[in-house]
Amino acid sequence: MSRAVVFGGAYAIAFFSFLFGPLIIMVITAFNSSKFPRVVPWECFTTGWFAELFGNQRLMDGLLNSVIIGVGVVALAVPIGLAGALALSELPSKLRATLYTVLILPILIPGVVLGISTIVLWGQISRGLGGAVQAGIYNGYFLTIVGQITFVSAYAMLVFIARLQRFDATQTEAALDLGATPGQAFRKILLPFMAPAIGSAAFITLLASFENYNTTVFTVLSESTFTTALASKVRHGTDPSLSALAVIIITITLVGALTNEAVQRRKEAELGGKASRSPLYANPVTRALTHPGVVFAILVAIVATVSYIGSKHDSSVCEAAILQDKLDRQAELRAAQKAKIEAQETEQGITVPKPEGGFGGAFGGLGGAAPTPAAPKPEGGFGGAFGGIAPPAPSE
Amino acid sequence: MPETSPVNSPDRSVLLDHVSIRFGNFTAVDNANLKINSGEFFSFLGPSGCGKTTLLRCISGFSDPTEGRVLIGAKDMKGVGPNKRPTALIFQHLALFPLMSVADNIAFPLEVRGVSKKERRRKAEELLDMIALPGIGDKKVSELSGGQKQRVAIARALAVQPDILLLDEPLSALDLKLRQHMRTELRAIQQQVGVTFIYITHDQGEALTMSDRVAVMSKGVIEQVGAPDQIYNRPRSSFVASFVGENNALKGVVKRQSEDMAALETPMGTFEARVGGGRKYKPGDEALLFVRPEQLVPGQAENAFQATLSRQEFEGATNHVFARAGDTELRVSMVNAGLAGSVGSKGDTLSLGFAPMNATILPVGQIASEA
Numbered sequence: 001m002s003r004a005v006v007f008g009g010a011y012a013i014a015f016f017s018f019l020f021g022p023l024i025i026m027v028i029t030a031f032n033s034s035k036f037p038r039v040v041p042w043e044c045f046t047t048g049w050f051a052e053l054f055g056n057q058r059l060m061d062g063l064l065n066s067v068i069i070g071v072g073v074v075a076l077a078v079p080i081g082l083a084g085a086l087a088l089s090e091l092p093s094k095l096r097a098t099l100y101t102v103l104i105l106p107i108l109i110p111g112v113v114l115g116i117s118t119i120v121l122w123g124q125i126s127r128g129l130g131g132a133v134q135a136g137i138y139n140g141y142f143l144t145i146v147g148q149i150t151f152v153s154a155y156a157m158l159v160f161i162a163r164l165q166r167f168d169a170t171q172t173e174a175a176l177d178l179g180a181t182p183g184q185a186f187r188k189i190l191l192p193f194m195a196p197a198i199g200s201a202a203f204i205t206l207l208a209s210f211e212n213y214n215t216t217v218f219t220v221l222s223e224s225t226f227t228t229a230l231a232s233k234v235r236h237g238t239d240p241s242l243s244a245l246a247v248i249i250i251t252i253t254l255v256g257a258l259t260n261e262a263v264q265r266r267k268e269a270e271l272g273g274k275a276s277r278s279p280l281y282a283n284p285v286t287r288a289l290t291h292p293g294v295v296f297a298i299l300v301a302i303v304a305t306v307s308y309i310g311s312k313h314d315s316s317v318c319e320a321a322i323l324q325d326k327l328d329r330q331a332e333l334r335a336a337q338k339a340k341i342e343a344q345e346t347e348q349g350i351t352v353p354k355p356e357g358g359f360g361g362a363f364g365g366l367g368g369a370a371p372t373p374a375a376p377k378p379e380g381g382f383g384g385a386f387g388g389i390a391p392p393a394p395s396e
Numbered sequence: 001m002p003e004t005s006p007v008n009s010p011d012r013s014v015l016l017d018h019v020s021i022r023f024g025n026f027t028a029v030d031n032a033n034l035k036i037n038s039g040e041f042f043s044f045l046g047p048s049g050c051g052k053t054t055l056l057r058c059i060s061g062f063s064d065p066t067e068g069r070v071l072i073g074a075k076d077m078k079g080v081g082p083n084k085r086p087t088a089l090i091f092q093h094l095a096l097f098p099l100m101s102v103a104d105n106i107a108f109p110l111e112v113r114g115v116s117k118k119e120r121r122r123k124a125e126e127l128l129d130m131i132a133l134p135g136i137g138d139k140k141v142s143e144l145s146g147g148q149k150q151r152v153a154i155a156r157a158l159a160v161q162p163d164i165l166l167l168d169e170p171l172s173a174l175d176l177k178l179r180q181h182m183r184t185e186l187r188a189i190q191q192q193v194g195v196t197f198i199y200i201t202h203d204q205g206e207a208l209t210m211s212d213r214v215a216v217m218s219k220g221v222i223e224q225v226g227a228p229d230q231i232y233n234r235p236r237s238s239f240v241a242s243f244v245g246e247n248n249a250l251k252g253v254v255k256r257q258s259e260d261m262a263a264l265e266t267p268m269g270t271f272e273a274r275v276g277g278g279r280k281y282k283p284g285d286e287a288l289l290f291v292r293p294e295q296l297v298p299g300q301a302e303n304a305f306q307a308t309l310s311r312q313e314f315e316g317a318t319n320h321v322f323a324r325a326g327d328t329e330l331r332v333s334m335v336n337a338g339l340a341g342s343v344g345s346k347g348d349t350l351s352l353g354f355a356p357m358n359a360t361i362l363p364v365g366q367i368a369s370e371a
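If you're matching them up, the sequences are chains A and B in order. Take 1 as the starting number for the first sequence in full-length UniProt numbering and just add one per residue. Take 1 as the starting number for the second sequence in full-length UniProt numbering and just add one per residue.
Shown next as structure tokens:
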């Protein structure tokens, strides 16, 4: 029994460190002043990467574009998905299987193909129409929205299908029988039943739109969304401002999850009749404190306060000290190297060819001819695994 | 409710004019032709799959007859949708709206007709009083018991005073005690509101106890329509005789017929019995004799025969005795005579007989299989 507990505990720890380890490390790197995202060596605690993130105009423009596109996609994909799911539920089973495959196909097609075909199709159409319509259609916003809808609405449809399967069709029949028009039956019976699914479909479609790269990178044309801007930034080398972004996303997720939990617990307590018995709900103060709205407000207040305090933090003194340290260390190493080379030259009377760039001293020993007790400090390249690279002068 | 109805009570009759309903090659309802009178409690009784629910959905407007017409209050209902018909259907699983309160459920028919919120609330409370559940309007549907849900569904159906209330086996989900209680209650509500009730069931106990008239259905065909005692005592087909109540069937050959009595020669002997359905037989025709277990009386002189007691099932007030005569096993119901009397034990010989009026000779036909 106890062995099982030990094993289970170890497994749980291993599992959670696998799951959350990268996130934790990423969060830590967001506050390290090192130019490369890393935990050790720890240099200075800084909030500068957040400023750097918000200062990136391309990313911020992309964020705005992502929001515009995301709202457009949600507004169109959710009704389309709902209509598709309803159509499927009404069809005879043979036709349903066929239509289901057709509707689900966009998910299976590579996003790249969808992206390119969207440009080609709408390019043709817009050229055919010409004039002002062409400008209205053939731009990054419109193309990205229609391109993403092709597969995002299928996601929404899957969510709705799952919910619809639990819908009792006699509910609609009962409504009709009691005198409701088909429209009233839809609004008053089916739609309230679908409400939770509409919420989750909207959330899923928003996320799918926001994080999409494959399709968007083609359809967005000369514009850029947050994701495409991020991707091109990473291509030019990464820095901890991306960790700062991760911290923001994690924070938003946590606030959302905690608020949702508060909503669920309250609902459960009220449904299960626990609320009427619990002293927590009897006391007006604690009752108000556990209200999801208040919980959310408190969480937002905490985040806002921390952000404000963080924005006042100045790490420039520490960073300057670190920079000075590095410069000193570099000078020291250079001096030592110089001394060593001089010593070798005087000892052997010959000049050892100095390894150039590339793999630096790592393979120095392979040469055989060079009995160097200490490899000369390599310059640039990958030598020293970034550690010794002298930081460039502050760009400011 | 009754005080709001017009002085000249409306025509709440339903006429099924040669109604047939087919799905592809399958005939669900075959030439149903009957009239349900205004204010009647009418039941369709039959085993599952006999087409009774299809017929009900046709009356309520969810499907159209393939042939024939449905007339409600003498008006042809062709092309009139379920929301435009003066009918209300109580579904088998009630179909209460789980996301609404009890009061909102009951007032739903008023809501879709644009009645004001205040008026809806007032009406809902009035209906809750009628079903003897005052003050539960703000509860959720999930908080109600089975019997309460049942009554709420009835209140909801009656909210806009339909002319016809259709009930699709609404009691089948309830336990026995509650079911028996609800039978009485349904009947009382029907008497109170004067609406025509059309009740669908496979439970003959329900059909016989509540109904003014019963239609027995089998395989899409209406076999017999009549008052419960007629259905029970004067079955017109072997299906009705075997489906409604317990019955013993003896196969034999008609020897002679005089008016509505005939003699049937069976392996157990020749028996005199009433001819069912006013049919005429020639001597030598094959026929079935049906005699109910409670009509087999020990020591009865008429139609007497000997049988061997093979087993008994004791059920309190009644003792179900199984007696073997030749190849046939007969079911005999005996009133429990208490400690003073004894039926006998296994292997005893019983002298049984039955009155000719209490047995029916019917043509050989479909026998309802034992459940």
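The beta carbon of each residue, even a glycine, is placed where N, CA and C say it ideally should be.
Name the DSSP beta bridge partners of residue i, please?
i, result
"H320 of chain B", "B:E313 and B:S333"
"G226 of chain B", "B:V214"
"S258 of chain B", "B:M261"
"L250 of chain B", "B:L289"
"S20 of chain B", "B:E67"
"K140 of chain B", "B:S101"
"I164 of chain B", "B:T87 and B:T196"
"I72 of chain B", "B:V14 and B:K75"
"G306 of chain B", "The sequence given here has Gln at residue 306 of chain B, not Gly. DSSP, once it has assigned bridges, lists B:S351 as partnering Q306 of chain B."
"P298 of chain B", "B:L352"
"F45 of chain A", "A:N32"
Taking Cβ-Cβ distances shorter than 7 Å, what residues in chain A pair up with residue i?
i, result
"F91 of chain B", "T170 and A174"
"L99 of chain B", "P192 and F193"
"A88 of chain B", "D177 and L178"
"F62 of chain B", "E173"
What residues of chain B sit near residue i, judged by a beta carbon separation below 7 Å?
i, result
"A180 of chain A", "N83 and V112"
"I189 of chain A", "F97"
If the cut is a Cβ gap below 8 Å, which residues of chain B does residue i touch?
i, result
"F186 of chain A", "Within chain B, no residue comes near F186 of chain A; the closest Cβ sits about 12 Å away, beyond 8 Å."
Could you give the first and the last residue of the continuous beta strand (DSSP E) run that contains residue i?
i, result
"F36 of chain A", "Element bounds for F36 of chain A: n/a, residue is neither H nor E."
"V275 of chain B", "G269 to V275"
"N260 of chain A", "No beta strand (DSSP E) holds N260 of chain A; the alpha helix (DSSP H) holding it covers S241 to L271."
"I367 of chain B", "Segment: none, I367 of chain B is in no beta strand (DSSP E) and carries neither H nor E."
"S222 of chain A", "Element bounds for S222 of chain A: n/a, residue is neither H nor E."
"S43 of chain B", "F41 to L45"
"L362 of chain B", "A359 to L362"
"F26 of chain B", "F26 to I36"
Below 8 Å on the Cβ atoms is my guess for residue i versus residue j; work out the distance and round it to an integer in Å.
i, j, result
"T118 of chain A", "V74 of chain A", "That pair is no contact at about 18 Å."
"G220 of chain B", "D348 of chain B", "Actually they are not in contact, since the Cβ atoms of G220 of chain B and D348 of chain B sit about 46 Å apart, beyond 8 Å."
"V247 of chain A", "A30 of chain A", "5 Å"
"G81 of chain A", "A195 of chain A", "With 8 Å as the limit, G81 of chain A and A195 of chain A do not qualify as a contact, their Cβ atoms being about 14 Å apart."
"R236 of chain B", "G284 of chain B", "Incorrect: roughly 22 Å between the Cβ atoms, too far for contact."
"A124 of chain B", "G137 of chain B", "6 Å"
Report the neighbours of residue i on chain A: residues whose CB is nearer than 9 Å to its CB, in chain order.
i, result
"V80 of chain B", "Per Cβ cutoff of 9 Å: no residues; V80 of chain B is ~12 Å from chain A at best."
"V160 of chain B", "L178 and G179"
Please list the partners that residue i has in chain A, where partner means a Cβ-to-Cβ separation under 8 Å.
i, result
"F108 of chain B", "A175, L178, A180 and K188"
"R156 of chain B", "L178"
Since residue i is in the alpha helix (DSSP H), which residue starts that stretch and which ends it?
i, result
"D129 of chain B", "K117 to M130"
"L91 of chain A", "Unbroken run through L91 of chain A: none, as it is neither H nor E."
"D177 of chain A", "A169 to D177"
"L323 of chain A", "S316 to Q348"
"V146 of chain A", "G140 to L164"
"A297 of chain A", "P292 to K312"
"L158 of chain B", "G146 to L158"
Three or more beta-carbon pairs under 8 Å between the region 231 to 243 of chain A and the region 121 to 139 of chain A, yes or no?
-> Below 8 Å, too few C-beta pairs join the region 231 to 243 of chain A and the region 121 to 139 of chain A to call them touching: fewer than three.
Touch test, the region 63 to 73 of chain B against the region 16 to 28 of chain B, Cβ-Cβ under 8 Å, three pairs minimum | Touching, per the Cβ criterion.
Would you be able to state if there are at least three C-beta pairs under 8 Å between the region 83 to 91 of chain B and the region 247 to 265 of chain B?
-> These segments do not touch.
Does the region 149 to 163 of chain B touch the region 193 to 200 of chain B, meaning 3 or more C-beta pairs lie closer than 8 Å?
-> Yes, the region 193 to 200 of chain B touches the region 149 to 163 of chain B.
When the Cβ atoms of the region 291 to 299 of chain B are set against those of the region 319 to 336 of chain B, are three or more pairs found closer than 8 Å?
-> With the rule of 3 Cβ pairs closer than 8 Å, the region 291 to 299 of chain B counts as touching the region 319 to 336 of chain B.
Could you say if the region 26 to 41 of chain B and the region 207 to 216 of chain B meet the contact criterion of at least three C-beta pairs nearer than 8 Å?
-> Under the three-pair Cβ rule at 8 Å, the region 26 to 41 of chain B counts as touching the region 207 to 216 of chain B.
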